[in-house]
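Visitor: In the UniProt record's numbering, the protein residues as written are 1 to 104. Please read through the structure below; I'll follow up with questions.
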Amino acid sequence: MEGYLFLDTYYIPLKAKEEKIIDIMLKRFNEIFSEEYKKRAEEIDMSINDIITIASLIEKEAANDKERSRISGVIYNRLKKGMPLQIDAFSEQNRKMKNGINIA
1 MEGYLFLDTY
11 YIPLKAKEEK
21 IIDIMLKRFN
31 EIFSEEYKKR
41 AEEIDMSIND
51 IITIASLIEK
61 EAANDKERSR
71 ISGVIYNRLK
81 KGMPLQIDAF
91 SEQNRKMKNG
101 INIA
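Structure below.
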């Protein structure tokens, strides 16, 4: 779910259950992640999940806004070359996974 729960200001009913809150956030993600983004993902032969995962890694790895494009370039270049990512955010995410399930 990480990356799909779009950060924004939400007006959530006081007694809303977790599922309702998640639905609201996912709906907002779908409003923001436009067809243009989906088309671009297709053009570079990546799934939406791949794009969101990479974006989450960039967010975790970057200390500030200026670092994002550099880190993005490093990640995509390493993926293109089939190299290991070797970034802290990726190692941390892998430690939290067991059989593809987030156990954090």
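Where is the CB? At the ideal position from N, CA and C, for every residue including glycine.
Buried or exposed: where does LEU14 fall if 16 or more other Cβ atoms within 10 Å of its Cβ makes it buried?
Guide: Classification for LEU14: exposed.
Visitor: Measuring alpha carbon to alpha carbon, tell me which residue in GLU19, ILE32, GLU18, TYR76 is nearest PHE6.
Guide: Among GLU19, ILE32, GLU18, TYR76, the Cα nearest to that of PHE6 is on ILE32.
Visitor: With a threshold of 6 Å on Cβ separation, who are the neighbours of ALA62 within its own chain once the five nearest residues in sequence on each side are excluded?
Guide: Closer than 6 Å at Cβ, skipping near neighbours: ARG68, ILE71.
Visitor: Return the CA-CA distance between LEU85 and ILE75, expressed in angstroms with no decimal places.
Guide: Using only the alpha carbons, I get a separation of about 6 Å.
Visitor: Where does GLY73 fall in DSSP's three states?
Guide: Here GLY73 sits in helix by DSSP.
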